[in-house]
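Asker: Take this structure first; my questions come after.
Residue numbers (full-length UniProt numbering): 1 to 226.
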């Protein structure tokens with residue numbers, strides 16, 4: 001995704017996943033759980049490990065997408081509905097993230113340090129969205145991960161579940177690094193980056209509609225677990 005525009009990266013990480021996920025959902029009853037668990041666990045590890053050293057936000061989001069797809073693959077043969085919920089919530093979170101990055105013309109980690117000075121609400125919203133992608137409670141990204149781990153443990157797959165949770169800590173590292181940079185320019189701390197001139201910070205309606213769903217859905221989790 002490094003050489004693409006943010007709008008193209010948004011389509012690659014969201015729209016183009018619909019067809020393969022649909023096929024996986026349709027054949028979920030005919031897949032071997034051992035194979036999907038191996039692919040899913042490996043994807044979580046690769047996605048977390050590869051995203052740690054990235055300074056380009058598009059490449060970091062690409063590795064994040066690999067990690068989230070790993071959770072979907074791990075659950076697709078055991079609990080396909082929960083796997084589908086996981087990818088839907090991921091798309092709901094990643095869409096406003098890319099839209100906000102397009103509004104602020106942010107492509108690197110260094111440029112995130114100028115967002116707070118130009119638009120504090122945007123910086124706060126991006127921080128919450130990244131924390132939601134990191135699956136921190138009570139944000140939306142935490143719900144499908146908890147449901148998947150609950151289903152795997154019910155199928156006596158506790159060691160695999162533990163490995164997946166530990167590998168997810170790698171993704172948590174670069175999410176926390178990004179949120180730290182978003183808030184590191186709060187006074188009296190200053191930034192050495194050059195702020196963009198006449199930066200437009202208006203939000204479109206799609207971002208406004210998706211942001212609440214991408215952040216807080218912990219209240220519907222009891223209904224989902226039933």
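Don't be surprised by glycine CBs; every beta carbon is placed ideally from N, CA and C.
Assign residue 144 to buried or exposed, taking buried as 16 or more other Cβ atoms, counted over all protein chains shown, within 10 Å of its Cβ.
Answerer: buried
Asker: Since residue 108 sits in a beta bridge, which residues does DSSP pair it with?
Answerer: 56
Asker: Assign residue 134 to one of three DSSP states: helix, strand, or coil.
Answerer: Here residue 134 sits in coil by DSSP.
Asker: How would you label residue 11, buried or exposed, when you count the other beta carbons within 10 angstroms and need 16 or more for buried?
Answerer: exposed
Asker: Leaving aside the five residues before and after residue 169 along the sequence, list all residues of the same chain whose C-beta is less than 8 Å from its C-beta, in chain order.
Answerer: 48
Asker: Are there three or more Cβ pairs, one per stretch, closer than 8 Å when the stretch 85 to 96 is compared with the stretch 130 to 149?
Answerer: yes
Asker: May I ask which residues mark the beginning and end of the alpha helix (DSSP H) holding residue 227?
Answerer: As shown, the chain starts at 1 and ends at 226. That puts residue 227 outside it, with no answer to give.
Asker: Return the CA-CA distance between residue 79 and residue 150, expressed in angstroms with no decimal places.
Answerer: 10 Å
Asker: Give the range of the alpha helix (DSSP H) segment to which residue 15 is assigned.
Answerer: First-last for residue 15: undefined, no H or E at that position.
Asker: Going by C-alpha to C-alpha distance, which of 39, 19, 179 and 108 sits closest to residue 71?
Answerer: Looking at the Cα atoms, 39 is the closest of the given residues.
Asker: How would you label residue 225, buried or exposed, when you count the other beta carbons within 10 angstroms and need 16 or more for buried?
Answerer: Any reading at residue 225 must be qualified, since the residue scores a pLDDT of 49, below 50, and its modelled position is unreliable; no value is offered.
Asker: Where does residue 104 land, buried or exposed, given buried means 16+ other C-beta within 10 angstroms?
Answerer: Under this definition residue 104 is a buried residue.
Asker: Looking at the unbroken alpha helix (DSSP H) that takes in residue 157, where does it start and where does it end?
Answerer: Segment: none, residue 157 is in no alpha helix (DSSP H) and carries neither H nor E.
Asker: Out of curiosity, what's the CA-to-CA distance linking residue 51 and residue 30?
Answerer: The alpha-carbon atoms of residue 51 and residue 30 are separated by roughly 32 Å.
Asker: Rounded to the nearest angstrom, what separates residue 37 and residue 177 at their Cα positions?
Answerer: 29 Å
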